[in-house]
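Asker:
Number of protein chains: 2
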Amino acid sequence: MHKALLQHIEKFITLEPSEADILESCLNVTTIKRKELVLQEGQVCDTLHFIIKGCMRQYIINSKGTEQTLQFGIENWWITDYLSYHNTIPSHFYIQAVEKSEVIALDKATLEAILIQIPKLERYFRIVAQKSFGAAQMRIKFLFTMSAEERYHHFNNLNPEFVQRVPQYMLASYLDFSAEFMSKIRAGKV
Amino acid sequence: MHKALLQHIEKFITLEPSEADILESCLNVTTIKRKELVLQEGQVCDTLHFIIKGCMRQYIINSKGTEQTLQFGIENWWITDYLSYHNTIPSHFYIQAVEKSEVIALDKATLEAILIQIPKLERYFRIVAQKSFGAAQMRIKFLFTMSAEERYHHFNNLNPEFVQRVPQYMLASYLDFSAEFMSKIRAGKV
DNA sequence: TGTATTTCTTGAAGTAGTTCAAGTTTTTTT
DNA sequence: AAAAAAACTTGAACTACTTCAAGAAATACA
């Protein structure tokens, strides 16, 4: 089932059938159990993960020992720590499956080999990365300009189906407020 | 003076002399005055800006009418709104020179033409974008885990020379606290 | 060089959130 | 179906910041 990735790639570039074949032969799908980690703090990240099905998250453990989610990834998203990946330095993050997920794990050596055979893919990864960076900037804008309650309602409006999929405390930390406060917002007690 | 960009590119990929020539012939340096805007909220962003010299910032105006800086860019940084650029939608941001700056303004049409002639550059832009995204994730981590005072000292330690270059109120908003609070942190009154 | 503008400082009052602790509900596993 | 674990709720006390207002200092530019 690499179809999902091929389809995603073809939103941005056009592959020759032969190129699609090369790509398919290099990829394999793995299943990740709920709560399983694909990256731990301190590890050097050398793998990109493309989510075919399911939900992953990138999180940290703060000084009080509480998890804080920095990023969610769902179907058709790449999730990884690019800073650790490019600089070969220990990651600050954990990456974990929120629900049972199917992903394509693409390690650095394999990716470099693929990029030599299909240089066109550089373009695909460029565009994906630029859009991700753009999205991160919008995220910072929302964190800066909206109150906790506004962030909750805004997220809820944009992603009503997604809110059902993750525990509230994870979403609360992603929106940068406490799980208790989330509870009060939902109950209208704020 | 395109040297700065060529040097930056050659940190990531190797160009043939002929490719460097093509590139040079497509670029021109412009000078931007202090406070001059290269992007306004509501405009579609179709240009990437490479900073050769000086300092630029991306900011918004919040609901209280106050400017909040989301991103600074200095020598050897690209600054743009990639989401507006890729989706051809109105930008949420202003991009402005903090000090008199020399930049290479690369518009979409020119860039696409260059990328056709020198596809290798896709790789350069990919790596730059991935590292930028990685940096944005770290920025979110710091915003989430550190107190205002910790963010100030952390930033100060990492970028002592930079802190001298920008007004404190801009840095305060970048670190997500008020100018008044910054003043108190600096005076040790907190 | 002088004047206008921008930037920085200070204290007092207010508030949007956090933290803690305990109980309840829901979900998962056996 | 029962037991265990995970997730959610509630109120009371607290605190890290903001806002406002006014004056002082620094910087820009005519």
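These protein sequences, in sequence, are chains A and U.
FYI, our numbering numbers position 114 of the first sequence as 480, with every residue one higher than the one before it.
FYI, our numbering numbers position 97 of the second sequence as 463, with every residue one higher than the one before it.
The beta carbon of each residue, even a glycine, is placed where N, CA and C say it ideally should be.
From a predicted model like this one, the values you see are computed outputs, not experimental measurements.
Using the beta-carbon count (16 or more within 10 Å), is residue 554(A) buried or exposed?
Answerer: It counts as exposed.
Asker: Report the partner residues of residue 439(A) according to the DSSP bridge assignment.
Answerer: Per DSSP, 422(A).
Asker: Which residues share a DSSP beta bridge with residue 434(U)?
Answerer: Looking at the DSSP assignment, residue 434(U) forms a beta bridge with 426(U).
Asker: Based on Cα-Cα distance, which residue from 412(U), 496(U), 384(U), 544(U) lies nearest to residue 461(U)?
Answerer: Among 412(U), 496(U), 384(U), 544(U), the Cα nearest to that of residue 461(U) belongs to 412(U).
Asker: Please list the partners that residue 485(A) has in chain U, where partner means a Cβ-to-Cβ separation under 9 Å.
Answerer: Near residue 485(A) (Cβ distances below 9 Å), the residues of chain U are 485, 486, 488, 489.
Asker: On the three-pair Cβ rule with 8 Å, is the segment 412-426 of chain A touching the segment 475-493 of chain U?
Answerer: No contact exists between the segment 412-426 of chain A and the segment 475-493 of chain U.
Asker: Let me know if residue 400(U) comes out buried or exposed under the rule of 16 or more other beta-carbons within 10 Å of its beta-carbon.
Answerer: Its Cβ having fewer than 16 others within 10 Å, residue 400(U) is exposed.
Asker: Which runs of the beta strand (DSSP E), 3 residues or longer, sit entirely within the segment 459-528 of chain A?
Answerer: Runs found: 460-473.
Asker: I'd like the span of the alpha helix (DSSP H) that includes residue 398(A), first residue to last.
Answerer: Unbroken run through residue 398(A) is the beta strand (DSSP E), 395-398; no alpha helix (DSSP H).
Asker: With a CB to CB cut of under 8 Å and the five nearest residues on each side skipped, what residues in its chain are close to residue 388(A)?
Answerer: Result list for residue 388(A): 480, 483, 484, in chain order.
Asker: If you count every other CB in all the chains shown that lies within 10 Å of the CB of residue 427(A), and 16 or more means buried, which is it?
Answerer: Looking at its Cβ environment, which holds fewer than 16 other Cβ atoms inside 10 Å, residue 427(A) is exposed.
Asker: Around the Cβ of residue 455(U), are there at least 16 other Cβ atoms within 10 angstroms (buried) or fewer (exposed)?
Answerer: Label assigned to residue 455(U): exposed.
Asker: Within 8 Å, do at least three Cβ pairs link the segment 467-480 of chain U to the segment 469-478 of chain A?
Answerer: No, because fewer than three Cβ pairs between the segment 469-478 of chain A and the segment 467-480 of chain U fall closer than 8 Å, the two stretches do not touch.
Asker: Just confirm the distance between the C-beta atoms of residue 539(A) and residue 433(A), as a whole number of angstroms; I'd bet it's less than 8 Å.
Answerer: Right, their Cβ atoms sit about 7 Å apart.
Asker: Please identify, using Cβ separations under 7 Å, the residues of the segment 467-478 of chain U that lie next to chain A, in order along the chain.
Answerer: Within the segment 467-478 of chain U, no residue has a Cβ that lies closer than 7 Å to any Cβ of chain A.
Asker: With distances taken from CA atoms, which of 527(A), 517(A), 375(A), 532(A) is nearest residue 495(A)?
Answerer: Comparing Cα positions, the closest option is 375(A).
Asker: In chain U, which residues lie less than 9 Å from residue 455(A) when you measure between Cβ atoms?
Answerer: Those do not exist, as residue 455(A) stays about 10 Å from chain U at its closest Cβ, beyond 9 Å.
Asker: Assign residue 520(U) to buried or exposed, taking buried as 16 or more other Cβ atoms, counted over all protein chains shown, within 10 Å of its Cβ.
Answerer: Per the 10 Å Cβ criterion, exposed.
Asker: So residue 450(A) packs on residue 395(A), CB below 8 Å; how close in whole Å?
Answerer: Residue 450(A) to residue 395(A), Cβ: 24 Å. No contact.
Asker: Would residue 354(U) be called buried (16 or more neighbouring beta carbons within 10 Å of its own) or exposed?
Answerer: This structure does not reach residue 354(U), given that chain U is present from 367 up to 556, and the question cannot be answered.
Asker: Who are the neighbours of residue 377(U) on chain A, taking C-beta pairs under 8 Å?
Answerer: Chain A residues near residue 377(U): none, gap ~12 Å exceeds 8 Å.
Asker: Just grab the DSSP bridge partners of residue 414(U) for me.
Answerer: Residue 414(U) pairs with 472(U).
Asker: Residues of chain A with CB under 8 Å from residue 513(U), in chain order?
Answerer: Simply none; closest approach about 10 Å.
Asker: Among 441(A), 453(A), 452(A), which one has its Cα closest to the Cα of residue 463(A)?
Answerer: It is 441(A) whose Cα lies nearest to the Cα of residue 463(A).
Asker: Please name the residue in 509(U), 459(U), 445(U) whose C-alpha comes closest to that of residue 468(U).
Answerer: It is 445(U).
Asker: Since residue 504(U) meets chain A, which of its residues come closer than 8 Å, beta carbon to beta carbon?
Answerer: Those within 8 Å of residue 504(U) in chain A are 449, 458.
Asker: Rounding to the nearest angstrom, what Cα-Cα distance links residue 459(A) and residue 406(A) in this structure?
Answerer: Going by the C-alpha atoms only, they are around 6 Å apart.
Asker: With a threshold of 8 Å between beta carbons, is residue 373(U) in contact with chain A?
Answerer: Cβ-Cβ to chain A under 8 Å: no for residue 373(U).
Asker: Leaving aside the five residues before and after residue 415(A) along the sequence, list all residues of the same chain whose C-beta is less than 8 Å from its C-beta, in chain order.
Answerer: 404, 422, 439, 444, 445, 446, 461, 469, 470, 471, 472, listed in sequence order.
Asker: Going by beta carbon distance, what residues of the same chain come within less than 7 Å of residue 379(U), once the five residues before and after it are set aside?
Answerer: If we look at residue 379(U) and ignore the five residues flanking it on each side, its Cβ neighbours are 486, 489, 490.
Asker: Report, in whole angstroms, the separation of the C-beta atoms of residue 510(A) and residue 502(U), which I expect to be a contact under 8 Å.
Answerer: Actually they do not touch by this definition, with Cβ atoms about 13 Å apart.
Asker: Which class does residue 389(U) belong to by DSSP, given the choice of helix, strand or coil?
Answerer: Helix at residue 389(U).
Asker: Please report the distance separating the alpha-carbon of residue 452(A) from that of residue 556(A).
Answerer: Going by the C-alpha atoms only, they are around 44 Å apart.
Asker: Please state whether the Cβ-Cβ distance between residue 512(U) and residue 534(U) is less than 8 Å.
Answerer: No.
Asker: Any beta carbon from chain U within less than 8 Å of residue 442(A)'s own beta carbon?
Answerer: No, residue 442(A) does not count as interfacial toward chain U.
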